[in-house]
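Colleague: Can you keep this structure in mind? I'll have questions shortly.
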């Protein structure tokens, strides 16, 4: 209400109206958008000749009320271009539109619509609108604004539109795909919708504040995208206009706060998770085959376990320690150092089968409680130099490990052949605060591998068997880590080793240190082994089990416990049952191949629910530190409630969103799609269906479309086809003085839609018309032409998006949808045409016209190069015939034949350009060098330059930049 000091007063007429309303009983009903839509009757109209779809009846009914008539149909060339731009975002392919243009009919028009809806470019174009709403970007958005690997989500959105996934599934997957039973990879990827929000890792920020901001972003995005309500207004106070309270707001926020996402993103591409691995499209078939083969092999292994029981029982009855020693692998044993002498400073080792003696660098002390006899204490000054042994190359497979015991979890090298002075060239066995792993290095960190166990498996003051195998692939995926005989999940910290990298050096193999440090301080080590091949998991188990098995075998078969028999059985299977060992080796190889695919795979951010009830606190005035009442996750009180049996989590919310009783979702979605096709929504404020938003121009049409969409199975392609096959859509974009008075903004669609193309379409149009556009799809964002220092002003030292490095080759010519999107400095040629930064959800772009836009399309290298390529194509096909070249340009750019007066204007302009460049060859050559692609050397540079300028003019026509 206005404050008293404003002295605002109601007019007498307003007072009279309120009195009349009270006298009539003060009837009241909820705002129109909060009432469930019902399908109205299609209105009858005076002229029943014009309509082709029910849409036309609703539109014409309104026009008749205003004494307006619709425009006639646009000509076939205009319609084909309009259709192609609206359904694919690209100019029409003459081969696809020829049938309709030469023989226009309802049948040929419908056929063209179906062809364009089936195009892979359809999904790309629809995805662009959705990615605005999802605030998709390739960086975190704050502080360093570093790279965030997220492109699998963008690629999934494209696939979803192309596959015409029903919109209710499209919604549920994005809001709660992770909560579905046994979710598929695509359902998990889809939850990236919630992870597109901007995040930070700035020092000094407060975790609770960050998490509150992340939840606020998700509530706003959810409200704008699905409810068409400005839910964000209730973050600080009750939003009385739309009956949306602060309690409603934080009850909604509870759904999105119950996630495992951390408060800080670590400035890392994985944002510190949760993330998943996503294979590239070309690897998906191979991945699925490997998964099937792995499952089949695991089944065979289980069968073999049962089959091997009788043989095991027979063997176990007479097994002894001698048989155990025989099972330990000998093939490929390069070095074996038992380290169990128990006295002195010399130890014996088997080097390639020959016995050699090595002396410690200092006086040794021995602990009688070793793993295989007394063990030497290794520390600074008491290490071993073993000389020129185990000098493996990066393409050679090898395996190595030992028993170790440390008084505490330390960092350091157990043993290594590594040259610290040469950027750590070599390899080692490394312990890292409870983890262990390996380095393989030519030059750290740019040409190296570092792999450690995912978990802290090493136990202090106990003996731990650690073993590493490397397959010679040059990839971190080729490294496997085993703890006490069992393979461990690994964490790849560095994976930059190049093909045939040189990891050899002149530093001797050393126990207890690298060349100059990283000591294995105050620990014990025994049974060090190095092999020149990859050991199987069974062989490694035989090495790790040797100690426990000796004790088991010393116990009579009758007295062995179930646990002892289980250990013995596992050893028998891996070391003595050939069928099991073969199957197990097969399984290891399959897992290795799967892991290699994972190594090549992208990561993408997903949502993951925390256990327990989703709760949140009301934050007083939206301040994170001022917590009020605790609330349970719930839907807004002004809307239908969650069903009683619905889970109080994101899955319950998602199903509520697409429930037939929800009055908003279908309306909001239909309106946004209408906006994409007709330029503005039936409700112009597509983000606000509340009282402060614009009322619908055609409320009955909106409800009819909403119910039709919902009852059709949420079929997006069917809905869009309904739009574009209507006579309303097919009108010519011509107007009259009367229409400009009564329907100035064309909200009542008294003429065909006509407005400037969006930023991405302007660039893509030039690339497609010139023939430069790449057909590649998906994958990481690409970096087309931009000034090299464009990011410096917002970059921070150490940030990986501080310096803009332009791509080369076909990456320069991919659809703008695939351009790398740095949120703090999105491409200026896109910003000039109102592309949003995607820092927040955008469901309705602004549309302005400024001189900056002409500067982009006339001077940006991307557009100049496109003009030159278009000119080159025209000249190559014309073979000297000027009229042929002009028609080629017109067909590619205007998508129609030229009129006689236009030909005259273009020829005059061309003559002026030719006159100039004939006198200025240097300028001609300079123009032809713009862009990475090369000009055709067989063409006269002066002529090509003149045609380039002419094509540049045509590409800048209002007719070209307008849809």
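Residue numbers (this note's numbering): 4 to 966.
C-beta: ideal position from N, C-alpha, C; glycine also.
(1) Tell me the residue span of the alpha helix (DSSP H) that contains residue 773.
(2) What separation, rounded to the nearest whole angstrom, lies between the Cα atoms of residue 334 and residue 191?
(3) At a cut of 8 Å, does the stretch 110-119 reach the stretch 233-240 through at least three beta carbon pairs?
(4) Using the Cα positions of residue 373 and residue 599, report the straight-line distance between them to the nearest angstrom.
(5) Taking the alpha helix (DSSP H) that residue 498 belongs to, which residues open and close that run?
(6) When you compare the CB of residue 13 with every CB in chain D, is at least one pair closer than 8 Å?
(7) Among residues of its own chain, excluding the 5 on either side of residue 107, which ones have a beta-carbon nearer than 7 Å to its beta-carbon?
(8) On the premise that residue 76 lies in contact with residue 875, defined as a C-beta separation below 8 Å, what is that separation, rounded to the nearest angstrom?
(9) Going by Cα to Cα distance, which pick from 708, 308, 152, 529 is closest to residue 376?
(10) Taking the C-alpha atoms as reference points, what is the distance between residue 951 and residue 945?
(11) Residue 174 lies in the alpha helix (DSSP H); which residues open and close that run?
(12) Give the secondary structure of residue 548 by DSSP, where H, G and I count as helix, E and B as strand, and everything else as coil.
(13) DSSP state of residue 577, grouped into three classes?
(14) Per DSSP, which one or two residues make a beta bridge with residue 203?
(15) Does DSSP put residue 690 in a helix, in a strand, or in coil?
(16) By the 10 Å Cβ neighbour count, where 16 or more other Cβ atoms means buried, how is residue 12 classified, buried or exposed?
(17) Among 26, 60, 55, 408, which residue has its Cα nearest to the Cα of residue 49?
(18) On the DSSP bridge assignment, give the partners of residue 402 in chain order.
(19) Comparing the CB of residue 82 with every heavy atom of the ligand HEM, is any distance shorter than 7 Å?
(20) Measure the C-alpha to C-alpha separation of residue 786 and residue 809 and round it to an integer number of angstroms.
(21) Verify whether the separation of the beta carbon atoms of residue 832 and residue 850 is less than 8 Å.
(22) Please report the residue range of the alpha helix (DSSP H) in which residue 64 lies.
(23) Could you name the residues that DSSP lists as bridge partners for residue 408?
(24) What residue does the beta strand (DSSP E) around residue 353 start on, and which one ends it?
(25) Any idea which residues DSSP pairs residue 247 with across the strands?
(26) Would you kindly work out how many angstroms separate the C-alpha atoms of residue 359 and residue 509, rounded to a whole number?
(27) For residue 119, which residues from the same chain have a beta carbon less than 8 Å from its beta carbon, with the 5 sequence-adjacent residues on both sides left out?
(28) Going along the chain, which unbroken runs of the alpha helix (DSSP H) with 4 or more residues stay wholly within the stretch 896-948?
(29) Whole angstroms is fine: what's the gap from residue 965's alpha carbon to residue 854's?
(30) Which class does residue 840 belong to by DSSP, given the choice of helix, strand or coil?
(31) What whole-angstrom Cβ distance do residue 265 and residue 690 have, given they're in contact under 8 Å?
(32) Taking residue 693 as the reference, which of 8, 16, 33 has the closest Cα?
(33) Taking residue 798 as the reference, give the member of 825, 122, 788 with the closest Cα.
(34) Whole angstroms is fine: what's the gap from residue 174's alpha carbon to residue 588's?
(35) Below 8 Å between beta carbons: does that hold for residue 526 and residue 381?
(36) Where does residue 21 fall in DSSP's three states?
Modeller: Taking the definition as stated:
(1) 762-773
(2) Approximately 45 Å between the Cα atoms of the pair.
(3) In short, these stretches do not touch, since the Cβ pair count stays below three.
(4) CA-to-CA, the gap between residue 373 and residue 599 works out to about 38 Å.
(5) Counting along the chain, residue 498 falls outside any alpha helix (DSSP H), though it belongs to the beta strand (DSSP E) covering 493-498.
(6) The chain inventory of the structure shown lacks chain D, comprising one protein chain alone.
(7) 79
(8) Between the beta-carbon of residue 875 and that of residue 76 there is about 36 Å, and that puts the pair past the 8 Å contact cut.
(9) 529
(10) 10 Å
(11) Looking at the DSSP string, the run of the alpha helix (DSSP H) that includes residue 174 is 170-179.
(12) Three-state result, residue 548: coil.
(13) helix
(14) DSSP output for residue 203 lists no bridge partner at all.
(15) For residue 690, the secondary structure class from DSSP, reduced to helix, strand or coil, is coil.
(16) It is exposed - the Cβ of residue 12 has fewer than 16 other Cβ atoms within 10 Å.
(17) For residue 49, the nearest C-alpha among the options comes from 60.
(18) 472, 534
(19) This structure lacks the ligand HEM, and indeed carries no ligand of any kind.
(20) The alpha-carbon atoms of residue 786 and residue 809 are separated by roughly 5 Å.
(21) no
(22) 57-68
(23) 527
(24) 349-354
(25) 242
(26) C-alpha of residue 359 to C-alpha of residue 509: approximately 20 Å in a straight line.
(27) 86, 87, 90, 91, 99, 125
(28) 903-922, 924-931
(29) 16 Å
(30) If DSSP states are grouped into helix, strand and coil, residue 840 belongs with coil.
(31) Rounded, the Cβ-Cβ distance is 30 Å, inconsistent with contact.
(32) 33
(33) The alpha carbon of residue 798 has as its nearest neighbour, out of 825, 122, 788, the alpha carbon of 825.
(34) In a straight line, the C-alpha of residue 174 is about 43 Å away from that of residue 588.
(35) Taking 8 Å as the cut-off, the Cβ atoms of residue 526 and residue 381 count as close.
(36) helix
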